[in-house]
Every structure is written in structure tokens, then in C-alpha cells.
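S.K.: The structure is given below, and queries will be raised subsequently.
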Amino acid sequence: MGTKTKSNPKSNGGTKSSPIARLIQIGRKKSFVTINDILEFFPDAEQDVEQLEEAFAALISAGIPYIEDAELLADPSDEDLKQEELEEEEEEVKPADDLANIDTDDTIGLYLKEVSRVPLLTATQEVELAQRIESGRMAREELARGNVSSRRR
Numbered sequence: 000m001g002t003k004t005k006s007n008p009k010s011n012g013g014t015k016s017s018p019i020a021r022l023i024q025i026g027r028k029k030s031f032v033t034i035n036d037i038l039e040f041f042p043d044a045e046q047d048v049e050q051l052e053e054a055f056a057a058l059i060s061a062g063i064p065y066i067e068d069a070e071l072l073a074d075p076s077d078e079d080l081k082q083e084e085l086e087e088e089e090e091e092v093k094p095a096d097d098l099a100n101i102d103t104d105d106t107i108g109l110y111l112k113e114v115s116r117v118p119l120l121t122a123t124q125e126v127e128l129a130q131r132i133e134s135g136r137m138a139r140e141e142l143a144r145g146n147v148s149s150r151r152r
């Protein structure tokens with residue numbers, strides 16, 4: 000009977016904490032629990048909704064997320080991690096290569112290379128900035144003339 004640990008919690012209907020405790024143990028090992036894991040411990044979940052709600056509450060209080068399918072979680076993250084590592088390596092290599100080709104006596108060339116890395120404003124950002132500058136100039140002129148009420152200041 001010691002080898003059938005998964006069947007014991009299912010057959011032992013008197014203790015509700017043992018299937019939940021096993022589910023939490025699995026969740027801590029994997030750092031998540033799948034819906035299939037939950038249904039393995041609670042096959043009659045549709046008939047006993049209270050027990051299922053208790054299991055979800057215990058998982059939430061233990062900080063263990065539950066997901067639909069483990070494959071959806073594992074595969075994209077591995078590919079994404081590899082892609083992110085490649086992109087980071089490329090970013091680290093590019094700045095060193097760009098600056099390595101510039102003579103240290105050529106300060107203008109160095110300045111232009113550095114300036115080219117700064118992103119430019121979009122058309123809408125440029126218009127918005129120009130409007131803010133213009134409204135600031137107008138406000139300064141009004142204050143200089145003294146035509147502004149104390150409430151508006």
C-alpha cells in the first residue's frame with residue numbers, strides 16, 4: 000500500500016486535507032499545478048464543488064498558481080529565454096564594435112556615433128512638445144506684463 004500514494008488520498012474520503020496537502024506538495028515541486036493534477040485528486044469535482052473550491056483556496060493561500068496545460072507554460076518560455084539571451088548578447092556586442100572603429104582623437108565622430116543611438120521623437124511627440132513650449136512662452140510673457148490675476152498665478 001505504500002507504493003500507491005496517489006490512490007490513498009482518492010480512496011480516503013474522510014480526510015479532505017490529505018489530497019489538498021499532496022496537491023500543494025506537487026505544486027511546490029513544480030512551482031505550479033495543472034488542472035489535470037487537480038482533477039487527478041478530485042475526479043468527482045463536478046459533484047463536490049465545495050471540495051474543489053477548498054482545494055483552489057488552499058492553492059491560492061499557498062501561492063501556487065494553477066494553469067490549464069503545463070506544455071503551454073514550458074515550451075514558449077524556453078524559446079523566449081533563448082531568444083532573449085541572443086538579443087542581449089547582440090546588444091552587448093554592438094556598442095563595443097561601433098566605438099572600437101572610431102579614433103579617440105576624432106571627438107566629432109565619437110559624438111555623432113553616440114547621438115545616433117538616442118531615439119528621435121515621433122511626429123506627434125514633436126508637435127506636443129512644441130505646443131507645450133509655446134504655451135510656456137506665452138505664460139511667461141503674460142506674467143512679465145503683469146496682466147495675470149493672483150488666482151490664475
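The numbering of the sequence shown is numbering that gives the first Met the number 0, which starts it at 0 and goes up by one.
The C-beta atom is built at its ideal place from N, Cα and C for all residues, glycine as well.
Would the beta-carbon of Ala61 fall within 7 Å of that of Ile23?
M.R.: Result yes, Cβ atoms of Ala61 and Ile23 sit closer than 7 Å.
S.K.: Is it buried or exposed, Val32, if we count other Cβ atoms within 10 angstroms and call 16 or more buried?
M.R.: Buried is the call here.
S.K.: Would you list the one or two residues that DSSP bridges to Thr160?
M.R.: The structure shown does not extend to residue 160, since the chain is modelled only from 0 through 152, so no value can be given for it.
S.K.: Near Arg150, what residues of its chain come up, given a Cβ to Cβ distance below 6 Å and the 5 sequence neighbours on each side ignored?
M.R.: There are no such residues.
S.K.: Quick check on DSSP: helix, strand or coil for Pro18?
M.R.: It is helical.
S.K.: Exposed or buried, what is Ile19 when buried is set at 16 or more other beta-carbons lying within 10 Å of its beta-carbon?
M.R.: The residue in question, Ile19, is buried, as its Cβ has 16 or more Cβ neighbours within 10 Å.
S.K.: Under DSSP, the alpha helix (DSSP H) around Gly108 begins and ends at which residues?
M.R.: Note, Gly108: alpha helix (DSSP H), 106 to 114.
S.K.: For a test of the three-state rule: what should DSSP assign to Glu45, helix, strand or coil?
M.R.: The answer is coil: DSSP assigns Glu45 none of H, G, I, E or B.
S.K.: On the DSSP letters alone, give me the boundaries of the alpha helix (DSSP H) that Thr123 sits inside.
M.R.: Its alpha helix (DSSP H) spans residues 122 to 144.
S.K.: Mind checking Gly154: buried by the 16 CB within 10 Å criterion, or exposed?
M.R.: With the chain represented from 0 up to 152, any question about residue 154 goes unanswered, as that position is not in the structure.
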